[in-house]
Structure formats: C-alpha cells, structure tokens
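Here it is as structure tokens:
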C-alpha cells in the first residue's frame with residue numbers, strides 16, 4: 051500500500067491554507083536528552099594480527115621466530131590506541147560537532163524550558 055504524499059498537506063508559500071498535520075507533542079525542547087550508546091569503531095590491526103598468527107602457526111608458536119611480526123602488531127595496536135585517545139579527547143571537548151549527552155543535559159538543566167506559556 052502506497053503512503054500518501056505530504057506535499058499537499060503542509061503549509062507552503064503557494065498553499066495559503068493552514069497545515070492539516072498537527073504535532074502530537076508541544077514543539078519545545080525537553081530538559082534532558084537520553085543517554086545513547088557510543089558506536090563501536092572498526093577493528094584495527096587485523097592484517098598485522100593475521101600475519102603474526104600465520105607466523106606462529108608456521109613456527110610452532112615460538113615467539114623468537116616471529117619477533118618482527120609481533121613487534122609490527124604491537125606498534126599498530128599502540129598507534130590505534132593513541133588515535134582512539136585523541137578522538138575521545140576531541141569528543142569530550144566538543145570539537146567533532148556534537149556534545150556528549152552528559153554535557154548536553156548539564157546545559158539543558160541550566161536553562162530549563164517553561165512548562166507554561168505566559
């Protein structure tokens with residue numbers, strides 16, 4: 051079943067009538083926002099890990115034979131951890147374009163909305 055088009059129902063410059071659609075809640079901001087879960091990032095260092103495990107398998111799980119591969123994996127993991135920390139700091143400072151929910155709730159509580167119109 052096709053959904054009806056909203057184009058003719060909304061008030062526009064060419065449509066002097068009032069809109070038919072009415073909001074079911076008042077159009078004001080709430081005094082708090084919900085906590086949202088952080089998105090899980092992509093897995094990093096998969097290639098280095100698979101090379102290291104292949105080396106272990108070929109050399110009967112001896113670390114001495116795979117020192118270069120192990121070091122490459124640890125270097126990649128430390129770079130990924132440093133990048134994750136930088137991103138976390140940028141999120142906390144709001145440099146990525148949005149504030150975390152905790153800071154947003156603090157700001158909304160400082161400037162609450164009036165529940166009635168005077």
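Numbering (my numbering), first residue to last: 51 to 168.
Where is the CB? At the ideal position from N, CA and C, for every residue including glycine.
* To do: With a cut-off of 8 Å on the beta carbons, I'd call residue 95 and residue 127 a contact; round off their distance for me.
  => 6 Å
* Asked: Between the Cα of residue 86 and the Cα atoms of 161, 148, 164 and 74, which residue gives the shortest distance?
  -> 148
* **Run of the alpha helix (DSSP H) containing residue 136, from where it starts to where it stops** => Run containing residue 136: 117 to 143, per the alpha helix (DSSP H) assignment.
* Excluding five sequence neighbours on each side, which residues of the same chain lie with their C-beta closer than 8 Å to the C-beta of residue 157? -> 149
* Residues in its own chain within less than 8 Å of residue 151 by CB, not counting five upstream and five downstream? -> 83, 84, 85 and 86
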